[in-house]
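> This is the structure I want to talk about, given as structure tokens.
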Amino acid sequence: MTTAQTIEQLERQRFDAQVSKDFPTLEKIFADDLIYTHSNGHQDSKTSYLESIRTGQSRYDRVDIEDLTVRAYNDDRTAVVNGLIQIDLGPGADGQPAHTRIKYVVVYIKTDTTGWQLVLWHAQKQAT
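Under the numbering used here, read the sequence shown as residues 253 to 380, first letter to last.
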């Protein structure tokens, strides 16, 4: 499997885990020094981001990948992902389904002890 295929698979696993609140998978994929910058500019650490999923502050009912590009660097030990996703956020204040489209960049680093882990997420809202 190529680095690009491996990282694409990890991205799909991560989004599935965010929807299902599969914390063991998220703990494994997220590096301890994760910096997670949301589309509103709020920044989380690994601990605070996982807690926001636990409490429902960060809610994901469904994540659809519209576009995904993976570029490998540093002898296939670093990967940069550019993606476009649509997130279903559950019912809004008016009871209607809420959606958002996000362009994002993530960086994965591969180490001998942990394998591939996500160290950086940065997102920007797109017009729907």
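From the three backbone atoms N, C-alpha and C, an ideal C-beta is built for every residue, glycine too.
When you compare each of 364, 276 and 356 to residue 372 by their alpha carbons, which one comes out closest?
Comparing Cα positions, the closest option is 356.
> Would you say residue 353 and residue 336 are within 8 Å of each other, going by their C-beta atoms?
Yes, the pair counts as a contact, with Cβ atoms nearer than the cut-off.
> Out of curiosity, what's the CA-to-CA distance linking residue 262 and residue 315?
Taking the straight line joining both Cα atoms gives about 14 Å.
> Excluding the 5 residues flanking residue 258 on each side, which residues of the same chain have their C-beta closer than 7 Å to its C-beta?
Here the set comprises 368.
> Alpha carbons only, please: which of 376, 322 and 274 is nearest the one belonging to residue 360?
Ranking 376, 322 and 274 by Cα distance to residue 360 puts 322 first.
> Would you say residue 376 and residue 304 are within 8 Å of each other, going by their C-beta atoms?
The answer is no: Cβ separation not under 8 Å.
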